[in-house]
Amino acid sequence: MDKNVLLGTDFSKIIFLDNFYVNVDVENEDGSAVLHFLKEIINTTENTYIKRAACKIICELTAVNIIKNRYSSLGVLFDFLSSNTNELIDIALKQLPFFIELLTSEIEHKVIDLTDHDNGDISSQAFLFLGIKTFFFSTSKNDFPNFISTISEAEKYFIAAENVMNNRDDARFYIILIQLTKALFSNDQVGVETTVTGLYENLQVRALYEIDVTGLELEYLIFQMFDSLNRNYKIAIRSQEWLDIRHETQMILEASMEIDKLKLHNSRFNNITKKIIEESVSKIESNIYNFHLYGERKRLIALHSQSDKRLADFIDSILQSLPDQDNGTIDDNEVLAMLVEFMDAEGGLEIYNKIQKKELSFAKAIGQFIKNNYNSNLSIRTGSLAGEEIFNVLMREIDMVLPKYSKEKRKTFSAVLEEVIRYCQATFVGNEKKRFPFLYSTSAKGKGTKASEQDLQDSMILYFEHSNIADGFEHEKSKFVDGGRVDIVYKKDILTVPIELKKSLSRPDKDMLEENYIAQAQTYTAGYDQLGIFVLLEMSDKSKEPMANFKDWFKIHHLRPSTGQEVSFPDYIISVVIPGNRTSPSSKSTYK
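Take 438 as the starting number for the sequence shown in the working numbering and just add one per residue.
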């Protein structure tokens, strides 16, 4: 390697890296020396393209085991994830799946934080990575309920990635892949055919416009795995019609061997391909046998004694995946536990007994279970993991205090709350000062204490006008309860939600909020549908103190109304305290 490259211009480094595999005989170089050299290139330039190119080469050489110190290579990615340069964060997220077995809690938390990034590409890529990690590398537990919960959690991440950015065909690929997995489990033959075709078409379309089609290689490998699973499924579902069990079992073996061959695929994806097969695909394959071949146990045992070693070993693996059987009934405590956990004790036991009595097949019971419990929209509604946690906590509290609240009204209010949380998150994580100047101190070139309720109102209205509930918003609605004027009103069909805004120079706690503000907001709510929202722009000095955790911005309130009558329709207010008069994080440091 030419050490003079390190002393050269950025242009010479670009030329060198663009022709790296011509300039460097990597097969005959010491991997550690190559890694050190490429890291030196990264450290001796501010050029983003050079840093990205060197990082990509490091990851490629690590994937094919020329660079053997995977932790050192991962360290480069972590440095990029922690940078302030979007292009570096982006490539680190794209390369991170190749090091997924080395993932630390620190790195995972960093990726979770990046789901809230103001750059849509980065946020979407972070969600995509979490989906891949969850689907392919968190399914090693051998119980079926955990597996179904896991793939549904992964689906949530992929849907979020697609929602954050349009035209995320890579996220759509994995969403279809999960739909295929569910179709395989629920014995939805039409769904299996549709999703296999959908995967193929997804890859074909992307191959037409991708500049570098090698970027699709991993997904082509995954498609081959699941296409082989589909072949197994088609054979297994007609097991009761098998005339020649040896021939049919041999065909299943051949499809299974096609999957095993992919473990030996000689490319930079070798490690990740092997892990996907061992931790995810093999579980799906096992469950196909579990669901569709459990009635063939006796025939398979008889075939075992008449088979060569390769086929006999394969039959052993099938038999190990089948539930315990005694006189034709299924004795599977995991199935009972699953049904009880996801339904209820009475309903789960009823379904289990039907399986035992052969009134309902195991496959049909599981298939119906999946259809009934996992076909809902699993997207992250608030656009961020922190926001989703807040949303779920608040809605659970509302369900506790208003257990008989109309489902239709609840659904509509939850959509309003979702957008309020999205707005608040946008003001906090990765926001641009020019977008929210009223939130910053004069020292940070903002409006400081001169910021007004009107600034907050204009900002929220502008945001809501481009949200999913834009058609229901009005502002400064007069002739409300007692003739008051509500700053923002959502009114759609059966629900009216008042959103009251205020500004404060002090720091109110929950008691002060209820003493000074909540009565007004609750009064506006009293004439309508029991739920309202109050937003406070809090403008105290924050020059030397850290910001409050985002989850602490939200509270739920109820004040006893001025009546001696029994209260059958209590009103509740969700408050949000948005910190204003902010300074930059670095200005809070006093070190010299």
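Each residue gets a CB set at the ideal place from its N, CA and C atoms; glycine is no exception.
Assigned secondary structure, Ile955 (DSSP; H/G/I helix, E/B strand, else coil): One-based indexing of the sequence shown puts residue 955 at position 518. Reduced to three states, the DSSP call for Ile955 is helix.
Rounded distance between the beta-carbons of Arg705 and Ala491, thought under 8 Å: In the sequence shown, the residue the question calls residue 491 occupies position 54. In the sequence shown, the residue the question calls residue 705 occupies position 268. The Cβ separation is near 16 Å, so there is no contact.
Sequence ranges, alpha helix (DSSP H) only - wholly within the stretch 838 to 882, length at least 4: 844 to 865
Beta-carbon gap between Met602 and Gly557 smaller than 7 Å: By one-based count along the sequence shown, residue 602 stands at place 165. By one-based count along the sequence shown, residue 557 stands at place 120. The answer is yes: Cβ separation under 7 Å.
Sequence-distant residues of the same chain with beta carbon closer than 7 Å to Met976, five excluded per side: Locating residue 976 in the sequence shown gives position 539, counting from the first residue. Excluding positions up to five away in sequence, the list reads Thr886, Ala888, Lys940, Ser941, Leu942, Gly1017 and Asn1018.
Span of the beta strand (DSSP E), counted from its first residue to its last, around His994: To locate residue 994, count along the sequence shown from 1; it is residue 557. Its beta strand (DSSP E) spans residues Phe991 to His994.
Boundaries (first-last residue) of the beta strand (DSSP E) holding Tyr1009: Mapped onto the sequence shown, residue 1009 falls at position 572. Looking at the DSSP string, the run of the beta strand (DSSP E) that includes Tyr1009 is Tyr1009 to Pro1016.
Three-state secondary structure assigned by DSSP to Leu701: Counting from 1 along the sequence shown, the entry for residue 701 is found at position 264. Coil, per DSSP.
Same chain, Cβ closer than 7 Å to Met688, five either side skipped, listed in chain order: The sequence position of residue 688 within the sequence shown is 251, counting from 1. Excluding positions up to five away in sequence, the list reads Ile672.
Paired residues, beta bridge with Lys927 - DSSP: Taking the first residue of the sequence shown as position 1, residue 927 is located at position 490. Looking at the sequence itself, residue 927 is Tyr, so the reference to Lys does not match. In the DSSP output, where bridge partners are listed per residue, Tyr927 has Phe910 and Val934.
The stretch 839 to 847 touching the stretch 979 to 997, judged by at least three CB pairs closer than 8 Å: no
Supposed close pair Lys547, Ser519 - CB separation, criterion 8 Å: What you label residue 547 is simply residue 110 of the sequence shown in a count that begins at 1. What you label residue 519 is simply residue 82 of the sequence shown in a count that begins at 1. The Cβ separation is near 7 Å, so the contact holds.
Three-state secondary structure assigned by DSSP to Leu968: Against the sequence shown, residue 968 aligns to sequence position 531. In the structure shown, Leu968 sits in a strand (DSSP, three-state: E or B).
Exposed unless 16 or more other CB atoms sit within 10 angstroms - verdict on Ser1005: The residue given as residue 1005 occupies position 568 in the sequence shown. Exposed, since its Cβ has fewer than 16 Cβ neighbours within 10 Å.
C-alpha distance - Phe535 paired with Gln793, whole-angstrom precision: Here residue 535 refers to the residue found at position 98 when the sequence shown is read from its first residue. Here residue 793 refers to the residue found at position 356 when the sequence shown is read from its first residue. For Phe535 and Gln793, the distance between alpha carbons rounds to 45 Å.
Cβ-Cβ separation, Ile613 to Thr632 (assumed contact under 8 Å), whole Å: Taking the first residue of the sequence shown as 1, we reach residue 632 at position 195. Taking the first residue of the sequence shown as 1, we reach residue 613 at position 176. Right, the Cβ-Cβ distance comes to about 5 Å (below 8 Å), so this counts as a contact.
Same chain, Cβ closer than 6 Å to Phe865, neighbours up to 5 away in sequence not counted: Here the question's residue 865 lines up with position 428 in the sequence shown. Once the five neighbours on either side are set aside, the close Cβ partners of Phe865 are Phe987.
Inter-residue CB distance, Lys450 and Ile504 (contact presumed, cutoff 8 Å): Within the sequence shown, residue 450 is the residue found at index 13, counting from 1. Within the sequence shown, residue 504 is the residue found at index 67, counting from 1. About 19 Å separates the two Cβ atoms, so there is no contact after all.
Phe448 burial status per 10 Å Cβ neighbour count (16 or more: buried): Here residue 448 is taken as the residue at index 11 of the sequence shown, counted from 1. Exposed, by the Cβ-count rule.
Backbone CA spacing between Lys882 and Leu876 [nearest angstrom]: One-based indexing of the sequence shown puts residue 882 at position 445. One-based indexing of the sequence shown puts residue 876 at position 439. Cα to Cα, the separation comes out at about 10 Å.
8 Å CB neighbourhood of Asp606 in its chain, flanking five on each side removed: For the purposes of this step, residue 606 is taken as residue 169 along the sequence shown, with counting starting at 1. Around Asp606: Asn639, Val642 and Arg643.
Selected residue, minimal CA-CA separation from Trp679, among Leu666, Ser589 and Arg736: Position 242 of the sequence shown, counted from the start, is the residue given in the question as residue 679. Ranking Leu666, Ser589 and Arg736 by Cα distance to Trp679 puts Arg736 first.
Distance, Ser510 Cα to Cys496 Cα: The residue labelled residue 496 in the question sits at position 59 within the sequence shown. The residue labelled residue 510 in the question sits at position 73 within the sequence shown. Looking at the two C-alpha atoms, the distance is approximately 7 Å.
CB of Leu699 within 7 Å of CB of Thr686, strictly: Locating residue 699 in the sequence shown gives position 262, counting from the first residue. Locating residue 686 in the sequence shown gives position 249, counting from the first residue. No.
For Ala591, the nearest candidate out of Glu483, Asp681, Ser717 and Leu498 (CA to CA): Sequence index remark: in the sequence shown, residue 591 carries index 154 (1-based). Comparing Cα-Cα distances from Ala591 to each of Glu483, Asp681, Ser717 and Leu498, the minimum goes to Ser717.
Where Ser943 sits in the DSSP three-state scheme: The sequence position of residue 943 within the sequence shown is 506, counting from 1. Coil, per DSSP.
For Arg668, three-class secondary structure by DSSP: In the sequence shown, residue 668 corresponds to position 231, counting from 1. In this structure, Arg668 counts as helix in the three-state DSSP scheme.
Whether Leu759 touches Ile721 by CB criterion (7 Å): By 1-based counting over the sequence shown, the position of residue 759 is 322. By 1-based counting over the sequence shown, the position of residue 721 is 284. No; because the gap between Cβ atoms is not below 7 Å, this pair is not in contact.
Buried or exposed by the 16-neighbour rule on C-beta atoms within 10 Å, applied to Glu715: Counting from 1 along the sequence shown, the entry for residue 715 is found at position 278. Label assigned to Glu715: exposed.
Candidates Asp550, Gly445 and Asn460: closest to Glu825 by CA position: Mapped onto the sequence shown, residue 825 falls at position 388. Among Asp550, Gly445 and Asn460, the Cα nearest to that of Glu825 is on Asp550.
Reduced DSSP category for Arg736 - H, G, I as helix; E, B as strand; rest coil: On the sequence shown, position 299 is the one that residue 736 refers to. In the structure shown, Arg736 sits in a helix (DSSP, three-state: H, G or I).
Buried versus exposed call for Met662 [16 or more other C-beta atoms within 10 Å across all chains shown]: Residue numbering aside, residue 662 sits at position 225 when the sequence shown is read from its first letter. By the 10 Å Cβ count, Met662 comes out buried.
Pairwise C-alpha distance: Thr541 and Ile494: Locating residue 494 in the sequence shown gives position 57, where the first residue counts as 1. Locating residue 541 in the sequence shown gives position 104, where the first residue counts as 1. For Ile494 and Thr541, the distance between alpha carbons rounds to 23 Å.
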